[in-house]
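In the numbering used here, the protein residues as written are 520 to 1136.
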């Protein structure tokens, strides 16, 4: 078909018109829709929001929740996002603060690693709910300010403060050591299990990329949240403490100073670990006066922050005698049936070391029952002089190693920070101590034989050594972790491994029978439990002031389920305060309640006040 010139003109004209219309539509799109998009882009900001994880929970050995999380509000600030013309007076009114507080908290030393103009820092922490929720309504007026929820610790009971520990805001040194993990304002474990298991309890942070309009209101997640990472909660811990037994121990320790440690002999699990006086963890968890409370506790002359259960070390007194008996048997300086005569003391030349057991003849069992000093002075002498009178260094070296097997003079490796070592003197120690007096001999250090010399133990070490005796020389490292996220296989292998001391198993029976006799008809009678055989040993730790009361025990004798050490500062004889406390603790754990026949003992312990007595002129 032939197209004439007129048709060709109409076709070209149509194409031009269509093209013109298309161009008009495109221009309109650019001018209207793209302009709208540009406005939206100019009025929307991208903000990375850090999501803090919930800290892991802590349960006792019976599954009771004892440490949980509760939420409080914090106000954070990104300095470079601040509106320099904002109404600070209005902000101060909303937050119930003054201008001085505002200036002091908004201006930072920007050369300090803790702070950055580009990252959030804490402006106010633990803001009351009523203030925080009101401030939230006006948050759009204050660019740069952010309201966040912070998980803080809550505690079901006022108990086990030294064991559980507290959390607090990270400091500069911690921040430098853990760069990239924490930021200023984060809370971390500062003591106890909170510190030791910080890596497990803290969890993993998450983040969200939020789009906000020019008023600071959230308008959605960037890229529909595809770049968001959810926070991972910290691991839950089940610990070995029996919280009911722990609370009972603290009840018995009111108005006393000292420590109590109870261990399950077959596993090394710590059932009770108490230092008293203690402090209330809730005082360090909530409220705006937290700093003031810290200062009060640090200034307290009773030193409530000082953990007397595993940091303080004391002469163990006669509670060390069963250990010397075992070592004496192993080193063949005595036999189980060997008798020794006591004439009221150990005599050497013109010196005498007194014995208050009443004299007579004793074998090892009766020497433990009667706590005969002469018998154990003799054992100690023979151990030191094993290589000759003039070579005490070699004998002491061997004895040092034997005592070390029982955990004396070294950290045991419990899963807590700040564990003390006690003191297990070496030959070098005495070489230095007596360097101006010439050569030293056994007579210089003989008091160690009854636990009154330079040897010092923590209450934890006393309980551990007692557990070794109860378990015929076998032991586990004492520990407080039972499972992680309900999985016992996740705990450290070192707490699962069984060890044993280098003492022949048959020697333990004689010593255990002696300790049983201490409770049945010796000085530990107040530790007796109706229907249960208890083995124990009293001790009196000599002191410049009033002596300390000490007692170790385990029960039942034929199947030990609990080994315990009780140390009461300025409590006097071991039989006076420490032994009844140990007996009550054993009965509470094994029977669940105190027998009517022992109520008078409980009443006496509860009414014993060793703090106010010393404070009163």
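The C-beta atom is built at its ideal place from N, Cα and C for all residues, glycine as well.
- Assigned with DSSP and collapsed to three states, residue 848 falls in helix.
- Per DSSP, residue 903 has no beta-bridge partner at all.
- Secondary structure note for residue 861: its beta strand (DSSP E) is the uninterrupted segment 859 to 861.
- In this structure residue 682 touches residue 792 by the C-beta definition: roughly 5 Å separates them, less than 8 Å.
- Counting C-beta atoms within 10 angstroms of its own C-beta, residue 632 has fewer than 16 neighbours from the protein chains shown and is therefore classed as exposed.
- Around the Cβ of residue 579, a 10 Å sphere holds 16 or more other Cβ atoms; the residue is buried.
- Residue 881 is not a Cβ neighbour of residue 899, given a cutoff of 8 Å.
- Residue 971 carries a coil assignment under DSSP once its states are collapsed to helix, strand and coil.
- Bridge pairing for residue 641: 595 [DSSP].
- Residue 728 has 567 as its beta-bridge partners, per DSSP.
- The three-state secondary structure of residue 786, taken from DSSP, is coil.
- Following the DSSP letters along the chain, one finds residue 995 in no beta strand (DSSP E), marked with neither H nor E.
- Rounded to the nearest whole angstrom, the C-alpha separation of residue 946 and residue 923 is 14 Å.
- Residue 837 is positioned such that its CB atom lies no closer than 8 Å to that of residue 1010.
- Apart from the 5 residues on each side of it in sequence, residue 1014 sits with its Cβ closer than 8 Å to the Cβ of 787, 934, 995, 996, 998, 1000 in its chain, given in chain order.
- About 4 Å separates the beta carbon of residue 1048 from that of residue 1106, a gap short enough to meet the 8 Å contact definition.
- Counting only unbroken stretches of 3 or more residues, the beta strand (DSSP E) elements lying wholly within the segment 1059 to 1136 are 1067 to 1074, 1081 to 1087, in sequence order.
- In its chain, beyond the 5 residues on either side, 874, 876, 878, 879, 881, 891, 893, 894 have a beta carbon closer than 7 Å to the beta carbon of residue 861.
- Annotation: the continuous alpha helix (DSSP H) that includes residue 1026 extends over 1026 to 1040.
- For residue 667, the three-state secondary structure derived from DSSP is strand.
- The beta carbon of residue 1074 sits closer than 8 Å to the beta carbons of 1048, 1051, 1052, 1053, 1054, 1080, 1081, 1105, 1109 from its chain, once the five residues preceding and following it are set aside; these are given in chain order.
- Taking each of 817, 1069, 883 in turn and checking the Cα distance to residue 844, the smallest one comes out for 883.
- With a threshold of 16 other beta carbon atoms within 10 Å, residue 595 meets it and is buried.
- Taking a cut-off of 8 Å on C-beta distances, the segment 569 to 586 does not touch the segment 613 to 633, as fewer than three cross pairs fall below it.
- Contact between the segment 668 to 677 and the segment 602 to 621 is not established, with fewer than three Cβ pairs separated by less than 8 Å.
- If the five residues before and after residue 615 are omitted, its C-beta is found closer than 7 Å to the C-beta atoms of 650, all from its own chain and listed in chain order.
- The segment 743 to 801 is shown to contain whole alpha helix (DSSP H) runs of 4 or more residues at 762 to 771, in chain order.
- In the three-state reduction of the DSSP assignment, residue 817 falls in the helix class.
- Take residue 1018, set aside five residues on each side of it, and the residues of its chain with a beta-carbon closer than 6 Å to its own are 994, in chain order.
- In this structure, residue 777 places its C-beta atom within 8 Å of the C-beta atom of residue 1088.
- Burial check for residue 961: the Cβ neighbour count within 10 Å reaches 16 or more, so the residue is buried.
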